[in-house]
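> Handing you a structure now.
4 protein chains.
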Amino acid sequence: MTTQVIILNGGSSSGKSGIVRCLQEVLPDPWLAFGCDSLVDAMPAKMQASDAGIVFAADGTVNVGPDFMALQAAWVEGVVAMAQAGARIIIDDVFLGGAGSQQRWQKALGGLTVLWVGVRCDSAVAAGREIARGDRVQGMAASQAEVVHEGVSYDLEVDTTHTESLVCARTISAHVD
Amino acid sequence: MTTQVIILNGGSSSGKSGIVRCLQEVLPDPWLAFGCDSLVDAMPAKMQASDAGIVFAADGTVNVGPDFMALQAAWVEGVVAMAQAGARIIIDDVFLGGAGSQQRWQKALGGLTVLWVGVRCDSAVAAGREIARGDRVQGMAASQAEVVHEGVSYDLEVDTTHTESLVCARTISAHVD
Amino acid sequence: MTTQVIILNGGSSSGKSGIVRCLQEVLPDPWLAFGCDSLVDAMPAKMQASDAGIVFAADGTVNVGPDFMALQAAWVEGVVAMAQAGARIIIDDVFLGGAGSQQRWQKALGGLTVLWVGVRCDSAVAAGREIARGDRVQGMAASQAEVVHEGVSYDLEVDTTHTESLVCARTISAHVD
Amino acid sequence: MTTQVIILNGGSSSGKSGIVRCLQEVLPDPWLAFGCDSLVDAMPAKMQASDAGIVFAADGTVNVGPDFMALQAAWVEGVVAMAQAGARIIIDDVFLGGAGSQQRWQKALGGLTVLWVGVRCDSAVAAGREIARGDRVQGMAASQAEVVHEGVSYDLEVDTTHTESLVCARTISAHVD
């Protein structure tokens, strides 16, 4: 069965974006890539100043409210519809709700053929890469490193602690049918 | 009937992005915004080096090939599905195919309530704003200013030549039900 | 006397950056451009989380402390040295201290030939452009629009309220010897 | 003797920028950071479309002409002047001319106390990271990996092939007086 959707789940600064760009390079077909960052960019700037939206706290924790959840749910439906319309899709997400986040995706994905990929990175290493990226707010990497994987099932896991993005992408692409 | 989708069509540097951000600010509900730029960002980088993808020529002309068209068609379906799922959506697009581009959207949008907005800007003014943005390739603004509107029907037109983005956004928002 | 340095002073969202890029395009020689934004980018990220550094408050006010002032003073000396070494330089700055800010530049610039340019923009229009840019924090444009010009002397003033960046740049370039 | 300037030399995608941001975090004093990228940003956009300026070729090679060299020389003088004025400075550069590039810096730096740092990265690994960054033009990493170090003398070398940016930064900071 042809893989229609690849979903990468991992904490902030675990290296998802780099893997996505490498996947888009090494996979022979053109794949569309969407993720948390592009979703937040699509939302009004004022959503980031509202408890009903998304709040990035000074300690690196992230809280989302009902307005964010509603738009996210519709966005998930739309991304699934793109795959149903024939586009091959790569998603990178941060399952802040662990297994519950995965179940929401599973329900929306219906009968599509999905490759579930866990992107692990040692918490201290991810925290260091957060500094190297120059983000002013620190703490997201450490606070998300473990919790996003709790109760989540994968077809495949990669670990960027000691493995380059391109190597991880090649491992993943070998599992794409 | 509640407006579900706002579609802004205009040439490069006509001011669409600024209007979109102002709309997201002035409209009371949170609206999701997508457009050509976010679509190109979602595609593999190598699509920009291929005649089958999208080629930004040195003279400012833009050519798209079959791979681009196929992904774009699926993306349109997905964006429409987000609106059907209840999210309110703002699209900014460049109808390189004029009326033909509008027909493709109309066919995909089905029974949704759409507000069609033309974003005009004097060609010379848009070309100046292209320079002010610091784009290395110049010519897109001038080559697209008129052609994208050919044969297209609007509910409303705004002209950024002498009118600020925020004022245009308020005019548009007054037409949103 | 050949103009060696052009200094543009104006509030946030008054249109300085667009004018700078247009100046770099229309002036026949290549000019180097520096400004507040590139200075802040050159500083450690942690300077933006410290009262000794620079604090962008939620109401749009900006406060700078002694660490920021010390690095800024050395940076000014360096930019002046580039001009003394033969590079033609465009600076865009926000004179938060009004006349006092200008005096600090004058003292550092010594015998160099400088064109002082005030960049005005109606406060409400600048506030609207701040929204159009999508900045999450609003209020800088309004709070800086007038105060940065207090007691400052110019060779030339431009007003972006009703005049395009490229037109302002051509006006300025006509005063460059 | 207090270290006044840290110069990092390495090829494209060798990891200089990440190390610089980590250095700015771990060093107790605030240090200003400048480099090739900020220099190119300071130049007119049209310099990138001129043989007299800087040309990024499709195969990843970079060629600079006399206009670029002249502005760069003045910029070097200015950065040195910032250090002489008391700011602590981190430079990241790509010594396309190897030992000759170092000599130009040495001549300008005069009596300042400088820490020379080589940033190495295995060529294939750097090429992979170039893909992970999503640069459309590939080849810079591979073409620069070795040549920029030819004939250059260092106080210290770090290798990002298997070592994180933050760890490299801590190694470097231990050599800062």
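Just so you know, the sequences run in chain order A, B, C and D.
Just so you know, we're using our numbering here: the first sequence kicks off at 1 and counts up by one.
Just so you know, we're using our numbering here: the second sequence kicks off at 1 and counts up by one.
Just so you know, we're using our numbering here: the third sequence kicks off at 1 and counts up by one.
Just so you know, we're using our numbering here: the fourth sequence kicks off at 1 and counts up by one.
Glycine residues also receive a C-beta, built at the ideal position from the N, C-alpha and C atoms.
In this text the structure is predicted, and so the values were computed from the model without any measurement.
Pairing CB atoms from the stretch 30 to 38 of chain B with CB atoms from the stretch 27 to 46 of chain A, are three or more of them under 8 Å?
Because the criterion of three Cβ pairs below 8 Å is met, the stretch 30 to 38 of chain B and the stretch 27 to 46 of chain A touch.
> Where does the unbroken beta strand (DSSP E) through V55 (chain C) begin, and where does it stop?
V55 (chain C) -> beta strand (DSSP E) spans I54 to F56.
> Taking only the alpha-carbon atoms, compute the straight-line gap between T163 (chain C) and L27 (chain B) and give it to the nearest angstrom.
Their Cα atoms are separated by approximately 28 Å.
> Cβ atoms of Q4 (chain A) and L112 (chain A): under 8 Å apart, would you say?
Against a cut-off of 8 Å, the Cβ pair of Q4 (chain A) and L112 (chain A) comes out as a contact.
> How about V148 (chain B) and V64 (chain B): do their beta carbons lie closer than 8 Å?
No.
> Are C168 (chain B) and G10 (chain B) close, meaning C-beta to C-beta below 8 Å?
For C168 (chain B) and G10 (chain B), no; Cβs fall outside 8 Å.
> Relative to the C-alpha of V114 (chain C), which candidate in C:D67, C:G15, C:D155 and C:A52 has its C-alpha closest?
That would be C:D155, whose Cα lies nearest to the Cα of V114 (chain C).
> At the level of alpha carbons, what is the spacing between A85 (chain C) and W105 (chain D)?
About 15 Å.
> Could you tell me whether any Cβ in chain C is nearer than 8 Å to the Cβ of L166 (chain B)?
At least one chain C Cβ lies under 8 Å of L166 (chain B).
> Does A99 (chain A) get closer than 8 Å to chain C when you measure Cβ to Cβ?
For A99 (chain A), the answer is no, since every Cβ of chain C falls outside 8 Å of its Cβ.
> Over the uninterrupted alpha helix (DSSP H) stretch that includes L39 (chain D), give me the two end residues.
Run containing L39 (chain D): C36 to A42, per the alpha helix (DSSP H) assignment.
> Would I19 (chain C) and V119 (chain C) qualify as a contact pair, given that the criterion is a beta-carbon distance under 8 Å?
For I19 (chain C) and V119 (chain C), yes; Cβs fall inside 8 Å.
> What residues of chain D sit near A52 (chain B), judged by a beta carbon separation below 8 Å?
Near A52 (chain B) there are no residues of chain D at all, since even the closest Cβ is about 16 Å away, more than 8 Å.
> I need the DSSP call for V137 (chain D), collapsed to helix, strand or coil.
Reduced to three states, the DSSP call for V137 (chain D) is coil.
> Restricting to runs no shorter than 3 residues, where is the beta strand (DSSP E) found entirely within the stretch 93 to 160 of chain A?
Runs found: 114 to 120 and 156 to 159.
> On a CA-only basis, which of A:V125, A:E150 and A:V158 is nearest G97 (chain A)? Give me that one, please.
Taking only the C-alpha atoms, the option nearest G97 (chain A) is A:E150.
> Alpha carbon to alpha carbon, how far is A81 (chain C) from S13 (chain D)? Give it in angstroms, no decimals.
Cα to Cα, the separation comes out at about 31 Å.
> Quick one: Cα of S38 (chain B) to Cα of S38 (chain A), how far?
Whole-angstrom Cα-Cα distance: 8 Å.
> Rank B:G139, B:V117 and B:D159 by C-alpha distance to the C-alpha of V176 (chain B) and give the top, closest one.
If we check each option's Cα against that of V176 (chain B), B:V117 comes out closest.
> Here's the rule I'm using: 16 or more other beta-carbon atoms within 10 Å means buried, otherwise exposed. How should E130 (chain B) be labelled?
The residue in question, E130 (chain B), is buried, as its Cβ has 16 or more Cβ neighbours within 10 Å.
> My output table needs one value for V180 (chain B): the three-state DSSP class, helix, strand or coil.
Because chain B in this structure spans residues 1 to 177, residue 180 (chain B) falls outside the shown range and cannot be described.
> Which residue comes first and which comes last in the alpha helix (DSSP H) that contains V20 (chain A)?
Element bounds for V20 (chain A): K16 to V26.
> By the DSSP assignment, the beta strand (DSSP E) with V176 (chain C) in it spans what residues?
From DSSP, V176 (chain C) is part of no beta strand (DSSP E); its letter is neither H nor E.
> DSSP three-state label for A33 (chain D), please.
A33 (chain D): strand per DSSP, three-state reduction.
> Compute the Euclidean distance between the alpha carbons of V110 (chain A) and Q103 (chain A), then round it to the nearest angstrom.
The identity of residue 110 (chain A) in the sequence shown is Gly, whereas the question assumes Val. The alpha-carbon atoms of G110 (chain A) and Q103 (chain A) are separated by roughly 11 Å.
> Are the CB atoms of S123 (chain B) and G60 (chain B) within a distance shorter than 8 Å?
Taking 8 Å as the Cβ cut-off, G60 (chain B) and S123 (chain B) do not qualify as a contacting pair.
> Using the three-state DSSP reduction, which class does R88 (chain C) fall into: helix, strand or coil?
If DSSP states are grouped into helix, strand and coil, R88 (chain C) belongs with coil.
> Using a Cβ cut-off of 8 Å (strictly closer), state whether R21 (chain D) contacts chain F.
Looking at the structure shown, chain F is missing, and the protein chains on hand are A, B, C and D.
> Given that a residue counts as buried once 16 or more other Cβ atoms are within 10 Å of its Cβ, and exposed if not, what is P30 (chain D)?
Looking at its Cβ environment, which holds 16 or more other Cβ atoms inside 10 Å, P30 (chain D) is buried.
> Going by the CB atoms, is the gap between I54 (chain D) and F68 (chain D) shorter than 8 Å?
Cβ distance < 8 Å, so F68 (chain D) and I54 (chain D) count as in contact.
> Look at the alpha carbon of Q138 (chain B) and the alpha carbon of A58 (chain B), and state the distance between them as a whole number of angstroms.
Roughly 8 Å separates the two Cα atoms.
> For the stretch 119 to 137 of chain D, which residues have a beta carbon sitting closer than 8 Å to at least one beta carbon of chain B?
So the list reads G134, D135 and R136, given in the order they occur along the chain.
> In chain order, what residues of the same chain have a beta carbon less than 7 Å from the beta carbon of V79 (chain A), not counting five sequence neighbours either side?
Within the same chain, V79 (chain A) has close Cβ partners F34, I89 and I91.
> Can you say whether M1 (chain D) is buried or exposed, counting buried as having 16 or more other CB atoms within 10 angstroms of its CB?
Classification for M1 (chain D): exposed.
> Strictly below 9 Å CB to CB, what residues from chain D border A49 (chain B)?
Those are A58, R136 and V137, listed as they occur along chain D.
> Measure the alpha-carbon distance for A108 (chain C) versus L71 (chain C) and round it to whole angstroms.
About 14 Å.
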